Every structure is written in C-alpha cells, then in structure tokens.
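J.: Submitted below is the structure of interest, expressed as structure tokens.
Number of protein chains: 2
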Amino acid sequence: MRYELFYWPGIQGRGEFIRLPFEEAGADYVDVGRGKDGVDAILKVLAGNLGGTRPYAPPVLKAGKVVVAQTALILHHVGADLGLAPKDDAGRRALHQHQLVVMDFLKEVHDTHHPTSSLYYEDQKAEAKRVATQFRKDRMPKYLGFFEELLGKRKFIVGNKVTYLDLSLFQCVAGMRYAFPKTMKKHEKKIPGLVALHDRIAERPRIAKYLASERRLPFGENGLFRHYPELDS
Amino acid sequence: MRYELFYWPGIQGRGEFIRLPFEEAGADYVDVGRGKDGVDAILKVLAGNLGGTRPYAPPVLKAGKVVVAQTALILHHVGADLGLAPKDDAGRRALHQHQLVVMDFLKEVHDTHHPTSSLYYEDQKAEAKRVATQFRKDRMPKYLGFFEELLGKRKFIVGNKVTYLDLSLFQCVAGMRYAFPKTMKKHEKKIPGLVALHDRIAERPRIAKYLASERRLPFGENGLFRHYPELDS
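Taken in order, these protein sequences are the chains called A and B.
Counting in my numbering, the final residue of the first sequence is number 233, and the numbers go up one at a time with none missing.
Counting in my numbering, the final residue of the second sequence is number 466, and the numbers go up one at a time with none missing.
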C-alpha cells in the first residue's frame, strides 16, 4: 500500500514521528506536503476533501481508504501493519498509552518557545523564558525519567522488538539535544538507557540511511524543537 | 463489571470526562480517589502497583484485568462496552480522533491559568493573562468552531446515538461558561449547535440526576476550568 502523509513542508515537527516508522519499515509513502502544491493539498485535506473523519490539524495520513489524523492515533493505526507494534490488543494499547505521554511531552516542548501558539516567539520571549526554565527543572526530568524507568536495562520500551515508540523516543532525545544542548549535556547521565536507545536507533540501517538523506529535514527554528540559547541553561 | 477510577479527589479535572460516561451508562464504578486513603491509593497506582501498563498520570482506570491511563484512551477502551461508542473499528477510530482534539483543547484551557504547570497561578499571572487573551481570541473559537461545524444540524457529533464525545463537549461548554462567562456570553451565538447539545445532554435523565447529586463536584479554582475574572474579557 502507498501511504500518503500530509504534513507542513520544511519542518520535522510532529510529521517526523510518522516519517521515522515509515523509513524504518521501508514503507512506500509519499510526503505530499513536500511535493508540488503541497500546502494547497494539505489545506484541502483540512477542509475535508478526502472524506472520512475530519482532521483538525496535520499530520494526516491516507492509508488505503482510511483517513486518520492525530500523530499518536496514526501510529496506533499503522503500527502493527508496519511491523512496529505488537498485533494483540493489550500490546497495541500499551504502546498507544505511552505514545500519548510522548505527545504530552512534545506539547510541553512546544510551549517552551510558544506559551501561546498565536504569537511569534519574538513577541513572547519573557513568557517563554519562564516556561522553559520550569520545563528544564521539573517537566523534562519527569517525562524523560518516566521513560528511563520504563526502559530499565532492556533494549526496547515495550516487548523485545523495535516499535514506533522507540523511534519516537529517539526523536525526543535528538530534538532535546538540538534545542537544549547545555541542559542535555548535564542531564544525559541521568538517562543512560534513553541515550543508548537513541544511539541504537540511529545505527539501524534504514534509519541511518534516512538520517543521511535529503528526506531528513534539519532541525530548525520553525519546528517543534527549537534552539534559542536564552532558553537553555 | 465494577470499574475503579483513580483520580485526584476534590476536582472535576480530566476525571470528569470519565465520570460522565459512567453516569450516563449507569455503570458500576468506584471513584477510588474520593474514598478513604484515596490519594495514597492513587500514588500506589502511579508507582505501578496494579501491574500492567505503567500510567504516567491520573486518570487511571482498572477495568477487570486491564489497567489503562490517558483520558482519551480510557474512553476509547470502555466506550463501546458502555454503549457510548460505535462497535466497529472505523467508528471507534473516528470518535477517538475527535476526542484527542478535545484533549488538546483541554490542555490549552489549562495553560490559560498555568502556562507552566510547575508554578502557582499567583506566580505567573502576567504570563497567564497573555496566554488567556490569545486563547479567547484565536484558540477557543478555532476549537469550538471545529466541533460546531462537525455537528452541523445533527443531534450527535458522530452517528445517531449519544457517545462519550458528546458528553465531553457538554463538559467543555459547561466548563467554558464557568471559566470565561463574559467571553462565552458573546461567543455562544456562534456555536448554537454546541450550546443546544450541552442543553440536551444536561437533560438526559441519568446526567440530570448526576449533576444534582453530591457525586458531581463543583467547578473551582483547583480544577481544569478556573474562573479568574482577570483572564476573562
């Protein structure tokens, strides 16, 4: 099946959490937003032109006749088909539950530079600084600590095979390193399992090839993980 | 089956989005957090003592042998059994997708008084005011407008029977009226469908009985929807 991903071009954003599993699985997918008239195509999808359940925001995925939105739900829908989730209900549910925690974490990452989504960063720098300070002190250690504890000495968060959740955590570590390099430099010794997981994922043949390709967009100051030195420690 | 809900006592919070479906369905459930040593019980659950998939935060539900967390996922898990979700995969997925949008909305409601969760409101009033202003102007109309459009002239958001999503939207309207009464007074004419949905839900026999009972906690300034007049228009 050829999957069609609809996500804003030019940024990794939440779309990257969908791209990584497609790349790991060697799936046939089109990143429609990055093609010709990609943004128009996305706007049409948001207006409901694919039918099915109306999406509120990208990413949106067309998988055969199914149109599905919300990052965690897209992963829940395609995970088992891609071989990146257990096939049984209990395993799928466990993975989805943890992925929803990842999504909560990402929203808090976003809020460090955008306490409100409606203003430019430049127009809310003071607010962002306070939010980022608390994020570095309290929120980031709590979320990453949760996954570190879940992982323990094992190689994968759930089960004994790589899942989309492991790929998401790779992206979280990579993104945190980009956005908060000083903070992460200090903090990484408290999350050795996650750091090792990141490194193992980066070395998987298809992921390594992807990361070296043009398909992997760079991190940057339009994305979810942004490096503003004044927000780092 | 007797369901056990683990949620902080004294507030509606995200727990209310679970209580409402239980009440509508006349389900047998225990609100463990509100019983003797309720908070201790919640802390043990967060420490993993129920086994199964480790929860990150309340609400957590024990449904037979299943332990499940994350508000939207709890609803996804119990919805069909309670008769408040379609039984087919496509219908369940549609409902879950929309519920995830509700959860995003609730996080933005929370952020109007807590741009960072780590500080008291009193210590971030200036930041909260800016976030709340943009919320009232942009974010609230966008979210509520989305559901208003989905609903159209129909009685329920998905299908032709009440679902947990309708109950969630009832709670969103009720909460917005409590937290932002001036804003909502003006805005309600733009969302007549949602207002009518709210009123229909409030009149459902079991919901009406629940709302009049002691089980329905009042809104208040420890919850998700908080009324701080300075954040309203």
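Just so you know, even glycine gets a beta-carbon here, dropped at the ideal spot from N, CA and C.
Since the structure is predicted, the reported quantities are computational estimates derived from the model, not experimental observations.
(1) Suppose contacts are defined by Cβ-Cβ distances below 8 Å. Is A:Q267 in contact with B:R363 by that definition?
(2) Using a threshold of 8 Å, state whether the C-beta atoms of A:V67 and A:L50 are closer than that.
(3) Beta-carbon separation of B:P242 and B:G271 under 8 Å?
(4) Does any residue of chain A have a CB that is nearer than 8 Å to the CB of B:V293?
(5) Where does A:S168 land, buried or exposed, given buried means 16+ other C-beta within 10 angstroms?
(6) Could you compute how far the alpha carbon of A:R215 sits from the alpha carbon of A:V109?
(7) Quick one: Cα of B:R235 to Cα of B:T304, how far?
(8) Taking only heavy atoms of the ligand NAD into account, decide whether any of them is closer than 7 Å to the Cβ of B:M336.
(9) Pairs of beta-carbons, one from the region 385-399 of chain B and one from the region 368-375 of chain B, closer than 8 Å: are there three or more?
(10) Rounded to whole angstroms, how far is the Cβ of B:M409 from the Cβ of B:F458, which I believe are closer than 8 Å?
(11) Which residues of the region 263-296 of chain B have a Cβ closer than 7 Å to any Cβ of chain A? Give them in chain order.
(12) Counting only beta-carbon separations shorter than 8 Å, does A:A94 have a partner in chain B?
(13) State buried or exposed for A:R154, treating a residue as buried only when at least 16 other CB atoms are found within 10 Å of its CB.
(14) Go ahead and pull the three-state DSSP assignment for A:K209.
(15) Output yes or no for whether 8 Å exceeds the beta carbon distance between B:T416 and B:D337.
(16) Should A:L73 be flagged as near chain B, meaning a C-beta pair shorter than 8 Å?
(17) Rounding to the nearest angstrom, what Cα-Cα distance links A:K92 and A:Q12 in this structure?
(18) Whole angstroms are fine: how far does the CA of B:D321 sit from the CA of B:N393?
(19) Please identify the residue among A:A196, A:H113, A:C172 and A:D199 whose C-alpha is closest to the C-alpha of A:E230.
(20) Determine the burial state of A:A202: buried for a count of at least 16 other Cβ atoms within 10 Å of its Cβ, exposed for fewer.
(21) Need the endpoints of the alpha helix (DSSP H) that A:F135 sits in, please.
(22) From B:D432, B:R437 and B:V335, pick the residue whose C-alpha is nearest to that of B:A258; which is it?
(23) Whose Cβ in chain A lies nearer than 9 Å to the Cβ of B:S466?
(24) Is the shortest distance between the beta-carbon of B:K320 and the beta-carbons of chain A less than 8 Å?
(25) Could you tell me which residues DSSP pairs with B:L294 in its beta bridges?
(26) Alpha carbon to alpha carbon, how far is B:V278 from B:F413?
(27) Between the alpha carbons of B:K422 and B:H431, how many angstroms are there, rounded?
(28) Tell me which residues of the region 155-180 of chain A have at least one Cβ-Cβ distance to chain B shorter than 9 Å, keeping chain order.
(29) Under the three-state reduction of DSSP, which class applies to B:V391: helix, strand or coil?
(30) Helix, strand or coil: how does DSSP classify B:Y262 here?
T.: The structure says:
(1) Here chain A has residues from 1 to 233 only, and residue 267 of chain A is not among them.
(2) Taking the first sequence and counting its residues from 1, one reaches residue 67 of chain A at position 67. Taking the first sequence and counting its residues from 1, one reaches residue 50 of chain A at position 50. A:L50 is positioned such that its CB atom lies closer than 8 Å to that of A:V67.
(3) Looking up residue 242 of chain B in the second sequence gives position 9. Looking up residue 271 of chain B in the second sequence gives position 38. In contact: B:P242 and B:G271 (Cβ atoms closer than 8 Å).
(4) In the second sequence, residue 293 of chain B corresponds to position 60, counting from 1. At least 8 Å separates the CB of B:V293 from every CB of chain A.
(5) Translated into the one-based positions of the first sequence, residue 168 of chain A becomes position 168. That one is buried.
(6) On the first sequence, position 215 is the one that residue 215 of chain A refers to. On the first sequence, position 109 is the one that residue 109 of chain A refers to. Rounded to the nearest angstrom, the gap between the Cα atoms of A:R215 and A:V109 is 23 Å.
(7) As a first step, residue 235 of chain B must be located in the second sequence, where it is residue number 2. As a first step, residue 304 of chain B must be located in the second sequence, where it is residue number 71. Looking at the backbone, the Cα of B:R235 and that of B:T304 are separated by about 18 Å.
(8) Among the components of this structure there are no ligands whatsoever, and the ligand NAD is therefore not found.
(9) The region 385-399 of chain B, when compared against the region 368-375 of chain B, does not touch it at the 8 Å Cβ threshold.
(10) Locating residue 409 of chain B in the second sequence gives position 176, counting from the first residue. Locating residue 458 of chain B in the second sequence gives position 225, counting from the first residue. Indeed they touch by this definition, with Cβ atoms about 7 Å apart.
(11) T286, R287 and Y289: these are the residues of the region 263-296 of chain B whose beta carbon lies less than 7 Å from some beta carbon of chain A, given in chain order.
(12) Counting from 1 along the first sequence, the entry for residue 94 of chain A is found at position 94. Residue-level contact check: A:A94 touches chain B, since one or more beta carbons of chain B fall below 8 Å from its beta carbon.
(13) Within the first sequence, residue 154 of chain A is the residue found at index 154, counting from 1. Under a 10 Å Cβ-count criterion, A:R154 is classified as exposed, with fewer than 16 other Cβ atoms of the shown protein chains found around its own Cβ.
(14) Locating residue 209 of chain A in the first sequence gives position 209, counting from the first residue. Three-state DSSP puts A:K209 in a helix.
(15) Start at 1 with the first residue of the second sequence, and residue 416 of chain B comes out as number 183. Start at 1 with the first residue of the second sequence, and residue 337 of chain B comes out as number 104. No; because the gap between Cβ atoms is not below 8 Å, this pair is not in contact.
(16) What you label residue 73 of chain A is simply residue 73 of the first sequence in a count that begins at 1. Yes, A:L73 lies at the interface with chain B (some Cβ there is under 8 Å from its Cβ).
(17) Looking up residue 92 of chain A in the first sequence gives position 92. Looking up residue 12 of chain A in the first sequence gives position 12. The residue you asked about is not Lys; residue 92 of chain A is Arg in the sequence shown. One Cα belongs to A:R92, the other to A:Q12, and the distance between them is close to 25 Å.
(18) Here residue 393 of chain B refers to the residue found at position 160 when the second sequence is read from its first residue. Here residue 321 of chain B refers to the residue found at position 88 when the second sequence is read from its first residue. If I take the Cα positions, the gap works out to 14 Å.
(19) Position 230 of the first sequence, counting from 1, holds the residue named residue 230 of chain A. With distances taken between Cα atoms, A:E230 lies closest to A:H113.
(20) Indexing the first sequence from 1 puts residue 202 of chain A at position 202. Around the CB of A:A202, fewer than 16 other CB atoms lie within 10 Å, so the residue is classed as exposed.
(21) Along the first sequence, read from residue 1 onward, the residue named residue 135 of chain A stands at position 135. For A:F135, no alpha helix (DSSP H) run applies, since DSSP gives it neither H nor E.
(22) Looking up residue 258 of chain B in the second sequence gives position 25. When the alpha-carbon of B:A258 is set against those of B:D432, B:R437 and B:V335, the nearest one is in B:R437.
(23) By one-based count along the second sequence, residue 466 of chain B stands at place 233. The contacting residues do not exist; B:S466 stays about 15 Å from chain A at best.
(24) By one-based count along the second sequence, residue 320 of chain B stands at place 87. Residue contact with chain A for B:K320: absent (no Cβ-Cβ distance below 8 Å to any residue of chain A).
(25) The sequence position of residue 294 of chain B within the second sequence is 61, counting from 1. The partner list for B:L294 (beta bridge, DSSP) reads B:L238 and B:V301.
(26) Counting from 1 along the second sequence, the entry for residue 278 of chain B is found at position 45. Counting from 1 along the second sequence, the entry for residue 413 of chain B is found at position 180. Those two C-alpha atoms are separated by around 34 Å.
(27) The residue labelled residue 422 of chain B in the question sits at position 189 within the second sequence. The residue labelled residue 431 of chain B in the question sits at position 198 within the second sequence. So the two alpha carbons sit approximately 14 Å from each other.
(28) V158: these are the residues of the region 155-180 of chain A whose beta carbon lies less than 9 Å from some beta carbon of chain B, given in chain order.
(29) Residue mapping note: residue 391 of chain B aligns to position 158 of the second sequence, counting from 1. Note: B:V391 maps to coil in three-state DSSP.
(30) For the purposes of this step, residue 262 of chain B is taken as the residue at position 29 of the second sequence. For B:Y262, the secondary structure class from DSSP, reduced to helix, strand or coil, is strand.
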